[in-house]
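To start, the structure itself, in C-alpha cells.
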Amino acid sequence: MKVKSAEFVMSNSDVAKCPKSRIPEYAFIGRSNVGKSSLINMLTSRKSLAKTSGRPGKTQLINHFIINKEWYLVDLPGYGYARVSKTAKKTFQKFITQYFTYREQLVTAFVLVDIRHKPQPVDLDFMIWMGENNIPFSIIFTKADKLKPKAIETHVNDYKAILLETWEEVPNYFITSSSKAIGKDEVLEYIDRLNSNMIDS
Ligand code: GTP
Ligand code: MG
C-alpha cells in the first residue's frame with residue numbers, strides 16, 4: 004500500500020471526543036520511548052507527523068492521523084514510565100484502557116516492544132489484558148537496527164518462548180526499525196489486508 008496522504012486530525016484525552024467517523028482505525032501502544040511515534044512517521048514516510056523525543060513521556064494524548072483519507076493511525080502515550088508523576092501516570096493508564104475498551108472503530112492494536120530487551124512484565128501484562136478484553140493485537144519489535152541479524156533471531160525466539168507460557172499461539176508479529184525503514188511494507192500490507200476485509204464484510 005502506498006501512503007498518499009497523512010494528516011493530523013486531533014489530540015485529546017477523552018475517548019468520547021475522538022473522531023466520530025466509522026473508518027477503520029489502528030493504534031500503537033507500548034512503553035514510553037519504545038518508538039511508537041517514530042514508527043508512525045516511518046510508516047507514513049513523514050519526518051515529523053507524530054512528535055518524537057529521546058526523552059520518555061513525549062506523547063501525552065490520543066492523537067489521530069488520517070491516512071489516504073480512508074483510515075486512522077493513532078499515536079498513544081506510553082504506559083509504565085516511572086518518571087511521569089503518579090497522578091499523570093494514572094490518567095494515562097485510565098484513558099489508554101478507556102480508549103481500548105470503548106473505541107469500536109479499532110480494527111487492531113500494535114503492541115510495541117524494544118527488540119533489545121527481555122520480555123518486561125508490564126508488556127506481558129498489557130497483552131494479557133488485551134486478550135482478556137478480546138482486543139486484537141499484533142506485536143511490533145522496534146529498533147531492530149540496534150542488533151545484528153543473529154541477535155534479532157535469538158531475541159525474537161526468546162520472546163516467543165515466554166509468550167508461549169501464557170498464550171496458546173504466538174501472536175502475529177513484525178520486526179521493525181524506524182531509522183532503517185525495516186518492516187514498513189509488511190506492516191502496511193497487513194493494514195491494507197485488514198482494510199479490504201472490512202470493506203468485504
Ligand atoms: P513516548 O511518546 O514518550 O511514549 O515515546 P514513543 O514510544 O513515541 O517513542 P519515540 O518515537 O518518541 O522514540 C523514542 C526514541 O527512540 C527517540 O530518540 C527515537 O529516535 C528512538 N527510536 C525510535 N525508533 C527507533 C528505531 O527504530 N531505531 C533507533 N535506533 N532508534 C529509534
Ligand atoms: Mg510518542
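Numbered per our numbering, the sequence shown spans residues 4 to 204. All C-beta atoms, glycine included, are put in the ideal place defined by N, C-alpha and C. Computed from a predicted structure; not experimentally measured.
Given a cut-off of 9 Å on the beta-carbon distance, is the pair residue i and residue j in contact?
i    : j    : result
F68  : T47  : yes
A112 : F103 : yes
L166 : H158 : no
S41  : S181 : yes
F140 : V114 : yes
L76  : A184 : no
E73  : I118 : no
M45  : E192 : no
If you draw a straight line from the alpha carbon of residue i to that of residue j, how long is it in whole angstroms?
i    : j    : result
P22  : F129 : 25 Å
A164 : K146 : 20 Å
D17  : K7   : 29 Å
G60  : D78  : 12 Å
V173 : K20  : 34 Å
E28  : K153 : 34 Å
T169 : L52  : 36 Å
What residue range does the alpha helix (DSSP H) around residue i cover?
i   : result
S16 : Element bounds for S16: n/a, residue is neither H nor E.
I43 : K39 to T47
Over what stretch of residues does the beta strand (DSSP E) that includes residue i continue unbroken?
i   : result
N66 : I65 to I70
L2  : What is shown of the chain runs 4 to 204, which leaves residue 2 out entirely.
G33 : E28 to G33
Considering Cα atoms alone, identify which of the options is closest to residue i.
i    : options                   : result
E107 : I131, G81, L79 and N137   : N137
M24  : M13, E156 and K151        : Sequence check: residue 24 is Ser here, not Met. Measuring from the Cα of S24, the nearest candidate turns out to be M13.
V190 : I142, V18, K149 and T157  : I142
V125 : P152, I32 and L79         : I32
Q96  : T169, I65, E10 and N175   : I65
R58  : G134, P80 and F11         : P80
G38  : I178, D188, I194 and Y193 : I178
N1   : F144, N15 and M201        : Here the chain comprises residues numbered 4 to 204, so residue 1 is not present and cannot be evaluated.
Is any non-hydrogen atom of ligand 4 found closer than 8 Å to the C-beta of residue i, if you look at the structure I gave you?
i    : result
N137 : Because ligand 4 does not appear in the structure shown, any question about it cannot be addressed here, the ligands present being ligand 1 and ligand 2.
Please give me, in chain order, every unbroken run of the beta strand (DSSP E) with length at least 3 that falls completely inside the segment 87 to 160.
Segments of the beta strand (DSSP E) lying fully in the segment 87 to 160: 109 to 117 and 140 to 145.
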